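Step one of this worksheet: look at the structure below.
In this note's numbering, the protein residues as written are 251 to 438.
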């Protein structure tokens, strides 16, 4: 476990990659039932995310098939992990960029990048709902942990893309926090 507690969104976003890796390797996974019903504000640290979306919102829900979620597109304000998270809308609907299922990190997948993260949860974007413009997002795989054990207000993740069957390519670390209840009329 990490020695500095409790983490906040701001202190975690400033912590750096060595600390992110320590948290992911030593802290527990989130419980999908505790994430469900909330939307989290998110911030990516990777350079490529200037092109793909530095800020985002991540929604979580649980149904009869398990835990699921999607990302909401946010207008970037160049304030990094500070500032506002303004949703981008088209025809009155907030733009969604990628659906995912919450799963266990595969134990015997043959993917070396998963080995240090066996206890964690995986946000797997290789789901049927990612069609048309979201089809390329099926390659995304996120591993997630709780920076503050047993506290689901803050989540740390590491994003990969899977281009080959047995290999992942690192994209960025991300911080999720400042959660709010998911609107009752949220269109899943």
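Yeah, the Cβ is synthetic: ideal placement off N, Cα and C, and Gly gets one too.
Since the model is a prediction, treat every value here as computed from it, not as a measurement.
request  = My understanding is that residue 257 touches residue 398, with C-beta atoms under 8 Å, so please give their C-beta distance in whole angstroms.
outcome  = 5 Å
task = Compare the beta carbon distance of residue 285 and residue 348 with 7 Å and say whether it is the shorter of the two.
result = no
key: residue 382, DSSP secondary structure in three states   = helix
query = So what's residue 258 in DSSP terms, helix, strand or just coil?
reply = coil
ask   = When we look at the beta-carbon of residue 295 and count the other beta-carbons within 10 Å, is it buried (16 or more) or exposed?
value = buried
message = Between residue 435 and chain B, is any beta-carbon pair separated by less than 7 Å?
response = Reference to chain B is not applicable here, since this structure consists of a single protein chain.
query = Can you name the start and end residues of the alpha helix (DSSP H) that residue 334 belongs to?
reply = Per DSSP, residue 334 belongs to no alpha helix (DSSP H) and is neither H nor E.
task = Compute the Euclidean distance between the alpha carbons of residue 332 and residue 351, then round it to the nearest angstrom.
result = 28 Å
task = Could you please give me the residues that DSSP links to residue 353 through a beta bridge?
result = 372
message = Just to confirm, is the Cβ distance from residue 411 to residue 389 under 7 Å?
response = yes
Whole-angstrom distance between residue 342 and residue 252, CA atom to CA atom = Because the pLDDT of residue 252 is 45, which lies under 50, any placement of that residue in the model is unreliable, and the number read from its coordinates should be weighed accordingly. Between residue 252 and residue 342, the C-alpha separation is close to 43 Å.
Among 292, 280, 275, nearest to residue 400 - alpha-carbon criterion = 280
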